[in-house]
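Chains as they are written, first to last, in the working numbering: chain Y, 2 to 156; chain H, 2 to 156. Positions of the beta carbon are idealized from the N, C-alpha and C atoms, including for glycine. Inspection log for the structure reproduced underneath, given as structure tokens.
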């Protein structure tokens, strides 16, 4: 139900949040998040256009969070990457008499999408980073690949 | 969040349930559900393979529900059309130490998908037809196009 593009966008934003907001270049983010660089470049452009990231060229440049991770929700990232998650506003079959009143099939589908929207709006990227769960997002890739990207190795 | 294929499959099954289980030929179902016939044919094959529909060739043949609409859930149709809705069983990045323990990002996504699964498993095609909502699934197309397909017109 969550598209590849949405998942990749979330990984990228979570990574930038984990390194204090960035900046990081596309190749670095791609390696850590396991996303093909060309695909990621398009996603990062979309996130920038939506005002979630800033982009700076040149040495020391790259993509950075445009605001604190606590003020960016999962929903914001999904909307920026994919224009929302497809709430059903009116009859998809164009049945005129339905208007904004959905039939039971489309109401069920929209109820499920609405519940997802509530969860995503209620969770910030900071919430995800601060979760007490044992497994941390991107942990192993940060611990190994991440240090290699920076040109350092701990072992 | 609900794919086009899933939505089309649900329309087809709901239509067959509305006409008492069928049978109906692909062209008829395509016209009523507003689904391109070639695309629908593939979906109907998948629903048949999954045991939700029976297919019979020749005069009076077509696709029919293989069991009562009250015993077919929305979930059954989604699974048949798309192999489920993508529960996250283990770390999509292949981070070995995570194993079956998801990080907060993937746990959030899976929680949302799990809630959707509960809703879809708890709703049968019969529930959708029997809903007291004012707008009925496929109502206008049934009232107009449907009768034309059968070679009759009420006006």
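Within a 10 Å sphere around the beta-carbon of residue 124 of chain H sit 16 or more other beta-carbons, which makes this residue buried. Counting only Cβ-Cβ distances below 8 Å, residue 112 of chain Y has contacts in chain H at 120, in chain order. Chain H has a Cβ within less than 9 Å of the Cβ of residue 102 of chain Y. For residue 101 of chain Y, same chain residues with a beta-carbon under 6 Å away, outside a window of 5 residues either side, are 91 in chain order. In the three-state DSSP reduction, residue 123 of chain Y falls in the coil class, being neither helix nor strand. Excluding the 5 residues flanking it on each side, residue 36 of chain Y has same chain C-beta neighbours closer than 8 Å at 9, 12, 13, 30 and 44, in chain order. Using a CB distance below 8 Å, the part of the stretch 71-98 of chain H facing chain Y consists of 75, 86, 87, 92, 93, 94, 95, 96, 97 and 98, ordered along the chain.
Contacts with chain Y (Cβ-Cβ distance below 8 Å) from the stretch 125-142 of chain H involve 128, 129, 130, 132, 134, 135, 136, 137, 138, 139, 140, 141 and 142, listed in chain order. Per DSSP, residue 23 of chain H is not a residue of any alpha helix (DSSP H), being assigned neither H nor E.
One finds nothing in chain H with a Cβ atom closer than 7 Å to the Cβ of residue 17 of chain Y; even the nearest lies about 13 Å away. Between the alpha carbons of residue 76 of chain H and residue 122 of chain H lies a gap of roughly 5 Å.
Taking CB atoms only, residue 105 of chain Y has a neighbour in chain H less than 9 Å away. Taking the Cα positions, residue 52 of chain H is about 52 Å away from residue 21 of chain Y. One thing to note: residue 65 of chain Y has its Cβ no nearer than 9 Å to the Cβ of residue 117 of chain Y. With respect to residue 73 of chain Y, residue 126 of chain Y sits close: the two C-beta atoms are nearer than 9 Å. For residue 28 of chain Y, the closest C-alpha among the options Y:5, Y:2, Y:63 and Y:93 is that of Y:63. The beta carbon of residue 103 of chain H sits closer than 8 Å to those of 89, 91, 92 and 111, all from its chain and outside the five residues before and after it, given in chain order. When secondary structure is reduced to three states using DSSP, residue 58 of chain H falls in the coil class, being assigned neither helix nor strand. The C-alpha of residue 2 of chain Y is placed about 6 Å away from the C-alpha of residue 87 of chain H. Ranked by Cα distance from residue 40 of chain H, the first of H:69, H:82, H:18 and H:70 is H:82.
At least one beta carbon of chain H lies nearer than 9 Å to the beta carbon of residue 8 of chain Y. Within chain Y, no C-beta atom comes nearer than 8 Å to that of residue 20 of chain H; the closest sits roughly 15 Å away.
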